[in-house]
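A.B. asks: Listed in order, the protein sequences are those of chains Z and W.
For the first sequence, counting from 1, position 320 maps to 320 in the working numbering; every step adds exactly one.
For the second sequence, counting from 1, position 75 maps to 508 in the working numbering; every step adds exactly one.
Where is the CB? At the ideal position from N, CA and C, for every residue including glycine.
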Amino acid sequence: MTGAPGAATRDHFFCFTCLFVTRIMVTRIRSFAVVALLLLGMGVAVTPSATHAADGEGELTLEGIVNNTIIGHATDGNYLNLKPFGSPELPRIMLARTAGGNLTIDAYGSTKSLLKNGPYGLMHHGDGADGGHADIITDPAQIEEAIASKEHLHSSVARTSGHVVADFSITRHFVLSFLAFLIVTGVFVTLAQRYKKGIGRTTAPHGTLQNMMEVMVVFIRDEIAKPNIQGEKWRTFLPYLLTSFFFILVANILGLVPFAGAPTSNIAITGVMAFMTFIIGLLYGSKDHYLELLTGPPDAPAFVRVILVPIEIIGLVMRHLALAIRLFANMLGGSLIIFSLLGLIFIMNVVFGQAAAWGTTVISIGFTVFILLVKLLVAFIQAYVFTTLSALFIGMSVEEHHHDGHESDSSTGQGDFESRLDAVEDAVEPTAA
Amino acid sequence: MDPAALAYLAAGLGAGIAAIGAGIGIGWLASSSMDGAARQPEAAGDIRGLMIVSAALIEGVALFALIICLLLVVLV
Numbered sequence: 001m002t003g004a005p006g007a008a009t010r011d012h013f014f015c016f017t018c019l020f021v022t023r024i025m026v027t028r029i030r031s032f033a034v035v036a037l038l039l040l041g042m043g044v045a046v047t048p049s050a051t052h053a054a055d056g057e058g059e060l061t062l063e064g065i066v067n068n069t070i071i072g073h074a075t076d077g078n079y080l081n082l083k084p085f086g087s088p089e090l091p092r093i094m095l096a097r098t099a100g101g102n103l104t105i106d107a108y109g110s111t112k113s114l115l116k117n118g119p120y121g122l123m124h125h126g127d128g129a130d131g132g133h134a135d136i137i138t139d140p141a142q143i144e145e146a147i148a149s150k151e152h153l154h155s156s157v158a159r160t161s162g163h164v165v166a167d168f169s170i171t172r173h174f175v176l177s178f179l180a181f182l183i184v185t186g187v188f189v190t191l192a193q194r195y196k197k198g199i200g201r202t203t204a205p206h207g208t209l210q211n212m213m214e215v216m217v218v219f220i221r222d223e224i225a226k227p228n229i230q231g232e233k234w235r236t237f238l239p240y241l242l243t244s245f246f247f248i249l250v251a252n253i254l255g256l257v258p259f260a261g262a263p264t265s266n267i268a269i270t271g272v273m274a275f276m277t278f279i280i281g282l283l284y285g286s287k288d289h290y291l292e293l294l295t296g297p298p299d300a301p302a303f304v305r306v307i308l309v310p311i312e313i314i315g316l317v318m319r320h321l322a323l324a325i326r327l328f329a330n331m332l333g334g335s336l337i338i339f340s341l342l343g344l345i346f347i348m349n350v351v352f353g354q355a356a357a358w359g360t361t362v363i364s365i366g367f368t369v370f371i372l373l374v375k376l377l378v379a380f381i382q383a384y385v386f387t388t389l390s391a392l393f394i395g396m397s398v399e400e401h402h403h404d405g406h407e408s409d410s411s412t413g414q415g416d417f418e419s420r421l422d423a424v425e426d427a428v429e430p431t432a433a
Numbered sequence: 434m435d436p437a438a439l440a441y442l443a444a445g446l447g448a449g450i451a452a453i454g455a456g457i458g459i460g461w462l463a464s465s466s467m468d469g470a471a472r473q474p475e476a477a478g479d480i481r482g483l484m485i486v487s488a489a490l491i492e493g494v495a496l497f498a499l500i501i502c503l504l505l506v507v508l509v
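#1: Using beta carbons (cut-off 9 Å, strictly below), is V309(Z) in contact with chain W?
#2: Which residues of the region 374-394 of chain Z have a Cβ closer than 9 Å to any Cβ of chain W? Give them in chain order.
#3: For E475(W), go through chain Z and note every residue whose CB falls closer than 9 Å to its CB, in chain order.
#4: Look at the alpha carbon of F380(Z) and the alpha carbon of D135(Z), and state the distance between them as a whole number of angstroms.
#5: Can you check whether the C-beta of G496(W) is within less than 9 Å of a C-beta belonging to chain Z?
#6: Can you check whether the C-beta of V268(Z) is within less than 9 Å of a C-beta belonging to chain W?
#7: Mind reading off the beta-carbon distance from L390(Z) to L293(Z)? Whole number of angstroms is fine, and I expect it under 8 Å.
#8: Using the beta-carbon of each residue, which ones in chain Z are nearer than 8 Å to I500(W)?
#9: Helix, strand or coil for D167(Z)? Go by DSSP, reduced to three states.
#10: Using CA coordinates, which residue listed in S466(W), R472(W), F497(W) and D479(W) is at the minimum distance from A455(W)?
#11: Less than 9 Å separating the beta-carbons of L503(W) and A438(W)?
#12: Comparing the C-beta of L442(W) with each C-beta of chain Z, is any distance below 9 Å?
#13: Going by DSSP, what residue range makes up the beta strand (DSSP E) through D106(Z)?
#14: State the start and end residues of the unbroken beta strand (DSSP E) segment that holds M94(Z).
#15: Quick check on K375(Z): buried or exposed, where buried means 16 or more other Cβ atoms within 10 Å of its Cβ?
#16: Would you mind stating whether L182(Z) and L209(Z) have Cβ atoms separated by less than 9 Å?
#17: Given a limit of 8 Å on CB to CB distance, which residues of the region 220-231 of chain Z reach chain W?
#18: Does any CB atom of chain W fall closer than 9 Å to the CB of A322(Z)?
#19: Taking the straight line between their C-alpha atoms, what separation do you get for G395(Z) and K287(Z)?
#20: Excluding the five sequence neighbours on either side, which residues of its own chain have a C-beta within less than 6 Å of the C-beta of A495(W), listed in chain order?
#21: Do you know offhand how far D468(W)'s Cα is from E223(Z)'s?
#22: For T388(Z), is the classification buried or exposed, using 16 other Cβ atoms within 10 angstroms of its Cβ as the cut-off for buried?
#23: What is the rounded straight-line gap between the Cα of I314(Z) and the Cα of T104(Z)?
#24: If we count Cβ pairs, one from each stretch, closer than 8 Å, do we get three or more for the region 165-181 of chain Z versus the region 252-270 of chain Z?
#25: Opposite A158(Z) in the DSSP bridges: which residues?
#26: Give the residues of chain Z in contact with I491(W), contact being defined as C-beta atoms less than 7 Å apart.
#27: Assign A36(Z) to one of three DSSP states: helix, strand, or coil.
#28: Does DSSP put E89(Z) in a helix, in a strand, or in coil?
#29: Only counting runs of 4 or more residues, tell me where the alpha helix (DSSP H) segments fall wholly within the region 291-355 of chain Z, in order along the chain.
#30: Using a Cβ-Cβ cut-off of less than 9 Å, list which residues of the region 332-352 of chain Z approach chain W; keep chain order.
#31: Cα separation between Q354(Z) and I371(Z)?
#32: So is Q193(Z) buried or exposed if we call it buried at 16+ other beta carbons inside 10 Å?
#33: I'd like to know if G482(W) contacts chain Z, where contact means its C-beta is closer than 9 Å to some C-beta of that chain.
#34: Would F386(Z) and L336(Z) qualify as a contact pair, given that the criterion is a beta-carbon distance under 9 Å?
#35: Which same chain residues end up closer than 8 Å to H152(Z) when comparing Cβ atoms and leaving out the 5 residues on each side of it in sequence?
#36: Does the Cβ-Cβ distance between D139(Z) and Y120(Z) come in under 9 Å?
See the structure below:
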C-alpha cells in the first residue's frame with residue numbers, strides 16, 4: 001500500500017468520485033449524534049491490528065476509512081462537503097443556558113470561530129462509549145490541532161459553562177433542503193407565469209420542462225389525488241400533494257448529485273413532512289372520522305369498542321410514523337449499500353492487499369453503478385409512495401359516510417356484488433358454450 | 434460471550450430474518466398481482482399502482498426491523 005502510492009491514489013480517486021455521488025447522513029437528533037460518535041469508536045474497535053497497515057496514508061486504514069470517509073458522509077454535518085475543493089463551514093447558532101441560569105443565543109460564523117471565540121470546547125469522543133460523562137477539551141493548542149486535522153467537524157461541541165438547550169445550527173441537510181425548495185419554487189413559479197400567459201391553457205404546452213412537469217402534475221391529480229380522496233375534496237389537498245411530491249423528488253435526486261446529498265435521508269425532514277400530513281388529516285378530518293376514531297365502529301358492542309379505540313388511535317399515529325421512517329430508511333439504506341460496496345475496496349486493501357483491492361474495485365464499481373440506477377428508480381417510487389399514502393391517509397380522515405342508514409348501504413353493496421356476478425357469468429357463459 | 438459480539442450477531446440475524454419476511458411478503462404480492470394482471474390485462478395499471486403501495490407498506494415493516502438492527506450495531 002505504501003509501496004505503490006500511484007495505485008493507491010488512483011484507487012482513492014475512484015472511490016472519491018463515487019463517494020461524492022452519495023453520502024449517508026444521519027440526523028441531528030441526539031440519538032443519532034451518539035450513533036455517529038460511536039461509529040467512530042467502532043472504527044477503532046473493529047481491527048486494532050490492521051489499522052497500522054498503511055502508516056502515513058491516514059485514509060487508507062480501516063480507522064481512517066471509518067473516521068474520515070464514512071463519518072464525514074454519514075452525519076448531517078455543520079459543513080458542506082466539497083472534498084477536493086475544501087469543506088466550507090456553516091454557521092453555528094446555539095440556544096444555551098449560562099451557568100447563571102439565563103438563556104442566551106450564541107451565534108458564530110463557523111464551528112472554528114465557535115471554538116476559538118465562544119465559551120465552547122470539543123467533546124472528547126474516545127471515552128464517550130464507556131465513561132458516560134466525557135471531558136471537554138478547551139486547551140487552545142489541542143483545539144488548533146483538532147482544527148488542523150478537521151477533527152472538529154466530526155466531533156460534537158459543548159459549552160464550558162452552563163449547557164446547550166437547543167442546537168439551531170445550520171447544517172448540510174438544512175442547506176440542501178433549502179436548495180431543493182428553491183429549485184421547486186423556481187421551476188413552478190416560472191411555469192405558473194407561462195400558464196398565466198396562456199401557454200398550455202389556450203395552446204399546447206411548450207418546451208421540455210413544461211411538458212415534463214405537466215405530465216407529472218396531471219398524473220398526481222388523476223392517479224393519486226382523485227382516486228384516494230372522496231368526491232370533490234381532492235381540490236383542497238392537491239396543492240399539498242404536489243408540493244410534497246416535487247419536494248421529495250428533487251430532494252431524493254439531490255442525493256445522486258455530486259457534492260450534494262439527499263435531505264430526505266434525515267429523519268427530521270421526513271418526520272416534519274409526515275407530521276404535516278398528520279396535521280392536515282386532523283384539521284380537515286370529517287365528523288364521521290372523529291366519531292369512528294374516538295367511539296369505535298358504529299355497530300360494535302361496547303367491550304369491542306374499548307379494545308378498538310386505543311388500537312385505532314395508535315394505528316393513526318403509527319402509520320404516519322411509518323410514513324416518515326419509510327422515506328428516511330429508503331434513502332439512508334441506498335447510501336449505506338453504496339458505502340458498504342465502496343468500503344469493501346478499502347477493507348480488501350487493508351486485509352488482503354492490493355491485488356484483492358483491484359479485483360474488488362471492478363466488482364464494487366459495477367455494483368455501485370447498478371445501485372445508483374436503482375436509487376434513481378427509488379427516488380421516483382418513494383416520492384410516489386409518500387404522496388399516495390399521504391393522499392390515502394388524508395382521504396381516510398376526510399371521508400364522510402352515507403347517512404341514509406346502514407341497511408340500504410349494505411343492500412346497495414349486495415346489489416353491486418350481484419350485478420358484478422351477473423357480469424362475470426355473462427362473460428363466462430359464451431366461452432363455456 | 435461478549436455482549437457486543439452478541440449484539441452484532443443479533444443485528445445480523447435480525448436483518449436476515451427481516452429480509453426473509455419482506456421477501457416472502459413482496460414475493461406473494463408480486464405473484465398475485467401478476468396473476469391479476471395476466472387475467473385482466475386492462476386492469477394492469479390499477480394493479481401496478483396498488484402493488485407499489487402495498488409493497489411500500491410491507492417494505493416499511495422490514496425497514497423498521499432494519500433500523501433496529503442498525504441501532505443494535507451502532508449503539509452497542
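C.D. replies: According to the structure shown:
#1: no
#2: I381, Q382, Y384, V385, F386, T388, L389 and L392
#3: The contacting residues do not exist; E475(W) stays about 12 Å from chain Z at best.
#4: 45 Å
#5: According to the sequence as given, residue 496(W) is Leu; it is not Gly. Cβ-Cβ to chain Z under 9 Å: yes for L496(W).
#6: For clarity, residue 268(Z) is Ala in the given sequence; the question names Val instead. No, no contact with chain W.
#7: Looking at the sequence itself, residue 390(Z) is Ser, so the reference to Leu does not match. Incorrect: roughly 18 Å between the Cβ atoms, too far for contact.
#8: Going along chain Z in sequence order, the residues near I500(W) (Cβ under 8 Å) are I325 and A329.
#9: strand
#10: F497(W)
#11: no
#12: no
#13: L103 to Y108
#14: R92 to R97
#15: buried
#16: no
#17: E223
#18: yes
#19: Spanning the two alpha carbons is a distance of roughly 13 Å.
#20: A451 and A455
#21: One C-alpha to the other measures close to 22 Å.
#22: buried
#23: 38 Å
#24: yes
#25: G121(Z)
#26: Result: empty, since nearest Cβ-Cβ is about 10 Å, beyond 7 Å.
#27: Because the pLDDT of A36(Z) is 41, which lies under 50, any placement of that residue in the model is unreliable, and the question is left without a value.
#28: Strand, per DSSP.
#29: Entirely contained in the region 291-355 of chain Z, the alpha helix (DSSP H) runs reaching 4 residues are, in chain order, 302-352.
#30: Per Cβ criterion, the list reads L332, G333 and L336.
#31: Roughly 25 Å between the two C-alpha positions.
#32: exposed
#33: yes
#34: It is not a contact, given that the beta carbons lie outside the stated cut-off.
#35: T111, K112, L115, L122, I143 and A146
#36: For D139(Z) and Y120(Z), no; Cβs fall outside 9 Å.
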